[in-house]
Amino acid sequence: MGLLLKVILPLMGLGLAVYFYSAPENFNEEMLRGKRVIVTGASSGIGEQMAYHLARMGAHVLVTARTEAKLQKVVERCRELGAASARFVSGSMEDTAFAEEVVKEAENTWGGLDMLILNHIGHSYFNYFDGDVDHIRKLLETNFLSYVAMTVTALPMLKESEGNIVVVSSVAGKAPGPFAAPYSATKFALDGFFSSLRHEFIIENVNVSITLCILGYIDTDNAMQAVSHAIKVAPSPKEECALEIIRSGALRQHEQHAVGCRWVPRVARWGEAARLAPPCPPGEGTQA
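Numbers -17 to -1, 1 to 271, taken from mature numbering (1 follows the signal peptide of the UniProt record, and there is no 0), label the letters of the sequence shown in order.
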């Protein structure tokens, strides 16, 4: 019986995956027309560009970030580009109650939700880990727990619309490397949680897709300030990356690596080499 289950369950899972997550082969911008979409971290960078793409495609857009003045400008631009509607909610994702409030705003305004794009991140650093546990705790609240809170709150609406969850992550959540331990930990948490949740959806016949987007070095202000001194390659354009994220979500792909992130394979090899390297003897480690 045990052997039978080992054979049958994977086959059932594969069959359900094919049935419930089959996606159209080609992306058409009309797929987003009239769709109700939340984009977090949308006051600048990739999130801002996603909002503009969605507006141009005729979607209803709700954007959120910390800075109200920036969000007002994003919403104005979305309306100019042809959004079916555009609005914002400002606040900090360090508070999971605010994360839930954003989803409730969409429910109260639209009566439903078609796509949830989780893109926000908290401030971190690119350096040796300094032992600050509180920093990791706060970063987990923003980079991980708020994602979970928004997903839980949005799930009833997404089940009804057979919608999409799009999780913007990083190569730092796939290939461990130095100088980003707190940030990397939160991205590994995203991968583990949402990849596991996707399997549960398949088993339970929940027709809500989960797309994990793995980004490399993108030309956002935050990324350039954090790592440009350490990474001597050209970053990928945020406009192209934003469109690729929307496309992969609309096509219900499980995972998407941002096109043109030339440093991703290099960092992956770097991380693997670090993992396989022997530990430093006591007293011989490099000091910050």
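Idealized CB from N, CA, C, for every residue including glycine. Values in this document were obtained by computation on a predicted structure and should not be read as measured data.
Chain-order list of residues whose beta-carbon lies under 6 Å from that of residue i (same chain, five-residue window excluded)
i, result
"Leu198", "Ser153 and Ala241"
"Gly105", "Leu122, Thr125 and Asn126"
"Ser5", "Unreliable positioning characterises Ser5 in this predicted model, as indicated by a pLDDT of 46, which lies under 50. The coordinate reading is nonetheless provided below. If we look at Ser5 and ignore the five residues flanking it on each side, it has no Cβ neighbours."
"Val151", "Asn102 and Cys196"
"Gln32", "Lys221, Glu222 and Ala225"
"Tyr130", "Leu101"
"Val72", "Thr47, Val85 and Glu88"
Sheet register partners of residue i (DSSP bridge)
i, result
"His240", "Ile197"
"His36", "Note: His36 sits in no beta bridge, so no partner."
"His182", "In the DSSP output, where bridge partners are listed per residue, His182 has none listed."
"Arg16", "For Arg16, which the question treats as bridged, DSSP gives no partner whatsoever."
"Leu234", "Paired residue(s): none; Leu234 is not in a bridge."
"Leu45", "Ile21 and Arg70"
"Ile148", "Leu99 and Ile193"
Reduced DSSP category for residue i - H, G, I as helix; E, B as strand; rest coil
i, result
"Arg62", "helix"
"Ile228", "helix"
"Ser73", "strand"
"Val154", "helix"
"Asn91", "helix"
"Ala82", "helix"
"Ala260", "Caution is warranted here: a pLDDT of 42 is assigned to Ala260, below 50, making its placement in the model unreliable, and the coordinate value is therefore given only provisionally. Three-state DSSP puts Ala260 in coil, outside helix and strand."
"Glu187", "coil"
"Ala164", "helix"
"Pro159", "coil"
"Ser129", "helix"
"Thr134", "helix"
"Thr169", "helix"
"Phe10", "coil"
"Gly175", "helix"
"Glu223", "helix"
"Lys56", "helix"
Same chain, Cβ closer than 7 Å to residue i, five either side skipped, listed in chain order
i, result
"Val250", "Confidence is the limiting factor: at Val250 the pLDDT is only 47, short of 50, which leaves the residue's position unreliable, though a coordinate-based value still follows. The residues are Val154, Ala158 and Gly160."
"Ala132", "Thr79, Ala82 and Glu83"
"Met140", "Glu90, Gly95 and Leu96"
"Arg19", "His43, Ala89, Trp93, Gly95, Leu96 and Asp97"
"Gly146", "Leu96, Asp97, Met98 and Val191"
"Cys61", "Ala34, Tyr35, Ala38, Val44 and Ala69"
"Gly156", "Ser167, Lys170, Phe171, Leu173 and Asp174"
"Val189", "Lys142"
Beta-carbon gap between residue i and residue j smaller than 8 Å
i, j, result
"Val191", "Ile229", "no"
"Ala69", "Ala38", "yes"
"Phe177", "Leu195", "yes"
"Leu17", "Ala42", "It is worth fixing the name first, because residue 17 is Gly in this sequence and not Leu. Contact flag set, yes."
"Gln239", "Glu227", "yes"
"Ala67", "Leu99", "no"
"Ala168", "Ile119", "yes"
"Ala233", "Met14", "yes"
"Met40", "Glu63", "no"
"Leu173", "Ile193", "no"
"Gly28", "Val22", "no"
Cutoff 8 Å; reference residue i; Cβ partners in own chain excluding five residues on either side
i, result
"Gly74", "Thr47, Arg49, Phe81, Glu84 and Val85"
"Ser26", "Val46, Ala48, Arg49, Thr50, Lys53, Leu54 and Val57"
"Glu77", "Gly105, Lys121, Glu124, Thr125 and Ser129"
"Phe112", "Ala164 and Pro165"
8 Å Cβ cutoff, residue i in contact with chain C
i, result
"Leu45", "Absent here is chain C; the protein component of the structure consists of one chain."
(message) Which runs of the alpha helix (DSSP H) at least 4 residues long sit entirely within the segment 100 to 124? Give them in chain order.
(response) 116 to 123
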